[in-house]
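Notes follow once the structure below has been shown.
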Amino acid sequence: MKNIPYILIAIRFLLAPVIFFLAYLKGEESGYLILILMFIGLLTDIFDGIIARKVGVSSEKLRRLDSQVDLVFWLSLGFAAYFLNPEMIKNEWKNITLIFVLEALCYLISFWKFGKETCTHAFLSKMWGLSLLIAFIYLIGFQQTGWAFYLAIILGIISHIDVILIILILPKWQYDVPSCYHAWNIRKGKQRKKSTLFN
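Be aware that the sequence shown starts at 15, since it is given in the working numbering, and climbs by one per residue.
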């Protein structure tokens with residue numbers, strides 16, 4: 015049982031190149047299969063944390079691994095969306111570039127301050143992940159951007175600002191910090207309850 019969280023993370027990691035090459039080699043005909051793989055990946059992301067806490071293996075190492083595999087997984091879906099809808103993605107390059115810049119800033123600021131990558135698993139980041147799920151359903155399944163895409167962009171901007179604030183406020187590196195408000199309480203020395211919501 016203690017190995018199951020790692021197995022689920024490994025499955026999600028292996029799904030990433032499959033999604034990438036399906037979109038690259040098969041094009042539009044792979045769209046629905048990619049969506050199925052996306053949902054499988056989402057389920058592994060949900061249950062790896064739940065099972066890890068149940069069996070007592072939710073550690074810094076596991077949470078950092080989970081965070082980096084999440085990045086690889088969602089990037090593969092982003093590339094898939096580009097391969098299937100290149101013109102749509104090109105039309106929104108400014109918004110997409112802004113998200114990439116903010117993501118890079120999160121890593122750069124964290125490495126600059128703590129010498130390691132960010133691993134907050136913040137609540138707003140989880141909300142952004144759900145909005146990405148909807149956006150990719152529209153992009154890959156229906157070849158549309160619309161409200162789902164712009165919701166993902168807005169939540170992406172807000173969630174990245176929240177993570178940057180968390181990094182700047184925390185006195186020392188810490189994983190699983192739900193928000194900048196929680197980071198501020200940690201800085202002031204208040205004891206926080208360990209958040210399990212969406213972790």
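We put the beta carbon where it would ideally sit given N, CA and C, even for glycine.
Min CB distance residue i to chain B below 7 Å
i	result
Gly70	Structure shown: chain B not included; a single protein chain is present.
Own chain partners of residue i with C-beta closer than 6 Å, once the 5 adjacent residues on each side are dropped
i	result
Gln158	Tyr152
Met15	Val69
Phe128	Trp187
Tyr189	Glu74, Arg77 and Cys133
Alpha-carbon spacing of residue i relative to residue j, whole angstroms
i	j	result
Met141	Trp107	22 Å
Ile154	Phe114	20 Å
Gly143	Leu165	11 Å
Leu29	Lys204	40 Å
Leu91	Trp187	29 Å
Arg26	Asp80	9 Å
Ser145	Ala95	15 Å
Asn105	Ala37	19 Å
Phe137	Leu51	24 Å
Gly41	Ala162	22 Å
Leu89	Pro185	30 Å
Tyr46	Arg201	46 Å
Phe34	Pro192	31 Å
Cβ separation of residue i and residue j, assumed to be a contact under 8 Å, to the nearest whole Å
i	j	result
Val177	Thr134	5 Å
Trp198	Ile183	5 Å
Phe87	Gly63	Rounded, the Cβ-Cβ distance is 14 Å, inconsistent with contact.
Ser124	Glu117	Wrong, their Cβ atoms sit about 11 Å apart, outside the cutoff.
Buried/exposed call for residue i, threshold 16 Cβ in 10 Å
i	result
Thr53	According to the sequence displayed, residue 53 carries Phe and not Thr. Exposed: under 16 other Cβ atoms inside 10 Å.
Trp126	exposed
His149	Reading the sequence as shown, one finds Ala at residue 149 and not His. The residue is buried, with at least 16 neighbouring Cβ atoms inside 10 Å.
Lys207	Interpretation of Lys207 is limited by its pLDDT of 45, a score under 50 that renders its predicted location unreliable; the figure taken from the coordinates is listed afterwards. Lys207 should be labelled exposed.
Pro100	exposed
Neighbourhood of residue i by C-beta distance below 7 Å, restricted to the same chain and skipping five residues each side
i	result
Ile18	Ile65
Ser139	Ser173 and Val177
Phe61	Leu22
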